[in-house]
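**Student:** Protein chains in written order, with this note's numbering: chain G, 1 to 343; chain V, 1 to 343. Glycine residues also receive a C-beta, built at the ideal position from the N, C-alpha and C atoms.
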DNA sequence: ATCGGGGCGTCAGGCCATGTCGCACAAGAG
DNA sequence: CTCTTGTGCGACATGGCCTGACGCCCCGAT
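1. Report yes or no: is there a C-beta of chain V within less than 8 Å of the C-beta of residue 337 of chain G?
2. Could you give the distance in angstroms between the alpha-carbon of residue 9 of chain G and the alpha-carbon of residue 51 of chain V?
3. Tell me whether the beta-carbon of residue 277 of chain G lies closer than 8 Å to the beta-carbon of residue 297 of chain G.
4. Would you list the residues sitting across from residue 65 of chain V in a DSSP beta bridge?
5. Give me the residue from V:290, V:173, V:77 and V:333 with the minimum Cα distance to residue 228 of chain V.
6. Identify each residue in the region 147 to 172 of chain V for which the Cβ-Cβ distance to at least one residue of chain G is less than 7 Å, and report them in chain order.
7. Here's the rule: buried if 16 or more other CB atoms are within 10 angstroms of the residue's CB, otherwise exposed. What is residue 323 of chain V?
8. Let me confirm a value: residue 206 of chain G is counted as buried when at least 16 other C-beta atoms fall within 10 Å, else exposed. Which label applies?
9. In three-state terms, what does DSSP make of residue 10 of chain G?
10. Can the beta-carbon of residue 152 of chain G be found closer than 8 Å to that of residue 107 of chain G?
11. Taking C-alpha atoms, which residue in G:284, G:262, G:300 and G:281 lies nearest to residue 248 of chain G?
12. DSSP puts residue 203 of chain G in a beta bridge; with which residues?
13. Which residues of chain G have a Cβ atom closer than 7 Å to the Cβ of residue 218 of chain V, listed in chain order?
14. Is it true that the region 225 to 242 of chain V meets the region 278 to 295 of chain V, where meeting means three or more beta-carbon pairs spaced less than 8 Å apart?
15. Interface residues of chain G around residue 144 of chain V at Cβ under 8 Å?
16. Can you give me the C-alpha to C-alpha distance between residue 72 of chain G and residue 64 of chain G, rounded to a whole angstrom?
17. How do the region 253 to 269 of chain V and the region 229 to 237 of chain V stand: do at least 3 beta-carbon pairs fall below 8 Å, yes or no?
18. Candidates V:169, V:171, V:11 and V:175: which alpha carbon is nearest residue 156 of chain V's?
19. Kindly say whether residue 122 of chain V, judged by its beta-carbon, lies nearer than 8 Å to any beta-carbon of chain G.
20. Terminal residues of the continuous beta strand (DSSP E) containing residue 174 of chain G?
21. Chain G beta carbons: is any one of them nearer than 8 Å to that of residue 49 of chain V?
22. With DSSP collapsed to three states, give me the class of residue 132 of chain G.
23. For a contact meaning CB atoms closer than 8 Å, what does residue 334 of chain V contact in chain G?
24. Count the C-beta pairs between the region 41 to 51 of chain G and the region 78 to 89 of chain G that are closer than 8 Å, then say yes if the count reaches three, no if not.
25. I'd like to know whether the C-beta atoms of residue 327 of chain V and residue 177 of chain G end up nearer to each other than 8 Å.
26. What residues in the region 219 to 230 of chain G have a beta carbon less than 9 Å from any beta carbon of chain V?
27. Under 8 Å, do residue 194 of chain G and residue 141 of chain V count as touching if we go by C-beta distance?
28. Go through its chain and collect everything with a Cβ distance to residue 250 of chain G's Cβ below 7 Å, but skip five positions before and after it.
29. Report buried or exposed for residue 80 of chain V, applying the criterion of at least 16 other Cβ atoms within 10 angstroms of its Cβ.
30. If you count every other CB in all the chains shown that lies within 10 Å of the CB of residue 133 of chain G, and 16 or more means buried, which is it?
31. How many angstroms separate the CA atom of residue 148 of chain V from the CA atom of residue 40 of chain V?
32. Would a check of beta-carbon distances place residue 101 of chain G closer than 8 Å to chain V?
33. For residue 59 of chain G versus residue 82 of chain V, is the C-beta distance shorter than 8 Å?
34. How is residue 255 of chain V classed by DSSP in three states: helix, strand or coil?
35. Closest by CA to residue 184 of chain G, which one among G:209, G:221 and G:164?
36. Where does residue 161 of chain V sit, in a helix, a strand or coil, going by DSSP?
Here it is in structure tokens:
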């Protein structure tokens, strides 16, 4: 009998095993596990591994799939997340906040991926709650979203995980895409390149065989997707996500640095005092209740949109180009309302 | 000797212990641990618990604080997160996306609380990355934020966790607050009531002794905070966060349900086709390239702000009240630009 | 100085964990 | 059909770990 080096080894090995066993669709057999342990420098007999998982499954939700002969082990779907060290209540609260906020950003199938983490956070919060039984969440925390009041589009179940997986493993995908020219549904083989989240729409950047140009595929228009074994390639000439975005592919051209000068009302001045436009922002209070704000910012579509949205609360003083652009936009927007009779 | 019920018990007990030992500032002594085990139905001698943690610390980053006599055990700061079942790559990617997005929403000290989770996600992604060594994150994923282009205010380190803790444990706080009337710094004892995140500013709702009215304290203006042992109380008459927000305390009154009717240009029509204003949204394409959109939505400040921001791309046709409001806002905003000479 | 409590070394006993062996069973090859 | 191979699983011997009990020691407090 080889010298055992203590029970330490047993506990360690079993914890390693727990970390190796996957969730539902994946599965690992006892010989698989033995090999992976060996790879980590732990050599035990196959019989021991078998006994290990059997033992662990007696008090953990491990399931043995005995339909196929090399039995496969995996975690039960309802297996709660156990983290070590345990999540502290503050982290749990932060996680819950983020998850709630993500409703605007991520498709439901992506959010569903965080279910174990969120459930765990909920558990921590509930048990950390005071004795009065008042649960802190969600009664006492609220997120007021500032994005556009639009609903994220619905996406067929199961598509998004495949996109993620294809991107992660850099494998081609076969997708069914409903193209923008209404209703045309076609199958394509694509090389996934990148994901862009532009609230509330998610885009997959990809090339479509046999072409080389980078396309923006709205994720919710992908009706079905399957993973292939063909490795994905970047387009000839390389792929630079930053460059693509900087070039304005998503209406987000970076824009020049400008010295923005605004005249704002007292309310807005106070808000800007709290959340600044830029590090070098200056606010001078004027005599008439308005304030003059200067800051060095980028001239982006988002900035214009924000300035327009503030309506009469703000006047763009400079630079002249931006002032003109805003003035013109206001002017032409106003035109539609000049006739008494709405169109 | 009492009947042991197998090695199962040992392994299970030690894993439970791992889940009970907290991170840094907190600590648990062996008697504490024994008691908590007993609470969970596991009765072992104190000596056994001592031996357990000693054993575990031989291969896990557990630290024993032996400066104070009832020794305290806690996890090393560098202890990596081990989760069971292991995080899958898709979840890891989702977590990273959320974390990146949270830069606009949460103060840095709150985001820092997710460090172990994010580090773990990073680890999973790196090991799942393809053999080419190209790391997926953050080269291939990008989030384009749609909120206002403002920087979240800075907050003194260490304040936010105290706020969270006070709220969670419902204990009073002693804070140093820089009031809105510029520069006035005062100490107060407060009863924390709720947290409101309104991008990019975070507010703590609280009552300030000896008063009963609910105040909105901007978290970044709290310069210092300490936890007290005094239990926090809700104000007389109860506290209803939903009611407060519905009443418009944060410029977010809920608003009536209205039948919104818009005339939009082709681009915007397409965007609305993707991300709808409401479930019942209808789009009719007009002959002149514009489209008519109708949807049942809430008449909120956010909606007005969004409509204004779209500028000439949209015309509010109905309801008349909203049409008038937008028209008026455009009119008065335009006034500032009528004089050739900027103010 | 005395005392008490918590930490820790020691010890005996029982039982657990491990490798080995052998058998059963299914699938696939010859 | 038979043989082989891979796999699951029961049995067994043995070494050693785990457990509770006991008592010593150190340190702080009275």
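**Tutor:** In brief:
1. One-based indexing of the first chain puts residue 337 of chain G at position 337. A Cβ of chain V is located within less than 8 Å of the beta carbon of residue 337 of chain G.
2. The residue given as residue 9 of chain G occupies position 9 in the first chain. The residue given as residue 51 of chain V occupies position 51 in the second chain. Going from the Cα of residue 9 of chain G to the Cα of residue 51 of chain V covers about 15 Å.
3. On the first chain, residue 277 of chain G is found 277 positions in, with the first residue counted as 1. On the first chain, residue 297 of chain G is found 297 positions in, with the first residue counted as 1. Yes, these two residues count as a Cβ contact at 8 Å.
4. For the purposes of this step, residue 65 of chain V is taken as residue 65 along the second chain, with counting starting at 1. Partner(s): V:72.
5. Within the second chain, numbered from 1, the residue matching residue 228 of chain V stands at position 228. Ranking the options by Cα distance to residue 228 of chain V, first place goes to V:173.
6. Listed by position along the chain: 147, 148, 149, 150, 151, 152, 153, 161, 164, 165, 167, 168, 169 and 170.
7. The residue given as residue 323 of chain V occupies position 323 in the second chain. Buried is the label assigned to residue 323 of chain V, since at least 16 other Cβ atoms lie within 10 Å of its Cβ.
8. Here residue 206 of chain G refers to the residue found at position 206 when the first chain is read from its first residue. Counting other Cβ atoms within 10 Å of its Cβ, residue 206 of chain G reaches 16 or more and is therefore classed as buried.
9. Within the first chain, numbered from 1, the residue matching residue 10 of chain G stands at position 10. Residue 10 of chain G sits in a helix when the DSSP states are folded into three classes.
10. Translated into the one-based positions of the first chain, residue 152 of chain G becomes position 152. Translated into the one-based positions of the first chain, residue 107 of chain G becomes position 107. A contact, by the Cβ cut-off of 8 Å.
11. Against the first chain, residue 248 of chain G aligns to sequence position 248. Of the candidates G:284, G:262, G:300 and G:281, the one whose C-alpha sits nearest the C-alpha of residue 248 of chain G is G:300.
12. Numbered from its first residue, the first chain carries residue 203 of chain G at position 203. Per DSSP, G:196 and G:218.
13. As a working mapping, residue 218 of chain V is identified with position 218 in the second chain. Within 7 Å of the CB of residue 218 of chain V, the CB atoms of chain G belong to 274, in sequence order along the chain.
14. No, the region 225 to 242 of chain V does not touch the region 278 to 295 of chain V.
15. On the second chain, residue 144 of chain V is found 144 positions in, with the first residue counted as 1. By Cβ distance, chain G contributes 196, 197, 198, 199, 245, 250 and 252.
16. Here residue 72 of chain G refers to the residue found at position 72 of the first chain. Here residue 64 of chain G refers to the residue found at position 64 of the first chain. Residue 72 of chain G and residue 64 of chain G: Cα-Cα distance of roughly 6 Å.
17. These segments do not touch.
18. Numbered from its first residue, the second chain carries residue 156 of chain V at position 156. Distances from the alpha-carbon of residue 156 of chain V to those of V:169, V:171, V:11 and V:175 put V:175 closest.
19. For the purposes of this step, residue 122 of chain V is taken as residue 122 along the second chain, with counting starting at 1. It does not; no Cβ of chain G falls within 8 Å.
20. As a position in the first chain, residue 174 of chain G is number 174, starting the count at 1. Run containing residue 174 of chain G: 171 to 178, per the beta strand (DSSP E) assignment.
21. Locating residue 49 of chain V in the second chain gives position 49, where the first residue counts as 1. Chain G contact via Cβ: absent.
22. Here residue 132 of chain G corresponds to residue number 132 of the first chain, with the count starting at 1. Model confidence at residue 132 of chain G stands at a pLDDT of 48, short of 50, so the residue's coordinates are unreliable and nothing is read from them.
23. The residue you call residue 334 of chain V lines up with position 334 of the second chain. Going along chain G in sequence order, the residues near residue 334 of chain V (Cβ under 8 Å) are 327, 330, 331 and 334.
24. With the rule of 3 Cβ pairs closer than 8 Å, the region 41 to 51 of chain G does not count as touching the region 78 to 89 of chain G.
25. The residue given as residue 327 of chain V occupies position 327 in the second chain. The residue given as residue 177 of chain G occupies position 177 in the first chain. No, these two residues do not count as a Cβ contact at 8 Å.
26. Per Cβ criterion, the list reads 220 and 221.
27. Here residue 194 of chain G corresponds to residue number 194 of the first chain, with the count starting at 1. Here residue 141 of chain V corresponds to residue number 141 of the second chain, with the count starting at 1. Yes. Within cutoff.
28. Residue numbering aside, residue 250 of chain G sits at position 250 when the first chain is read from its first letter. Counting only Cβ-Cβ distances below 7 Å, and skipping sequence neighbours, we find 196 and 198.
29. Counting from 1 along the second chain, the entry for residue 80 of chain V is found at position 80. Under this definition residue 80 of chain V is an exposed residue.
30. Position 133 of the first chain, counting from 1, holds the residue named residue 133 of chain G. For residue 133 of chain G, the pLDDT reaches just 47, beneath the cut-off of 50, and the residue's location in the model is therefore unreliable, leaving the point undetermined.
31. Taking the second chain and counting its residues from 1, one reaches residue 148 of chain V at position 148. Taking the second chain and counting its residues from 1, one reaches residue 40 of chain V at position 40. Looking at the two C-alpha atoms, the distance is approximately 49 Å.
32. Against the first chain, residue 101 of chain G aligns to sequence position 101. Chain V, which has a Cβ nearer than 8 Å to the Cβ of residue 101 of chain G, makes this yes.
33. Reading the first chain from its first residue, position 59 is the one you call residue 59 of chain G. Reading the second chain from its first residue, position 82 is the one you call residue 82 of chain V. Not in contact: residue 59 of chain G and residue 82 of chain V (Cβ atoms no closer than 8 Å).
34. Numbered from its first residue, the second chain carries residue 255 of chain V at position 255. If DSSP states are grouped into helix, strand and coil, residue 255 of chain V belongs with coil.
35. Your numbering for residue 184 of chain G matches position 184 in the first chain. Ranking the options by Cα distance to residue 184 of chain G, first place goes to G:221.
36. Counting from one through the second chain, the residue named residue 161 of chain V turns up at place 161. In the displayed model, residue 161 of chain V falls within a helix according to three-state DSSP.
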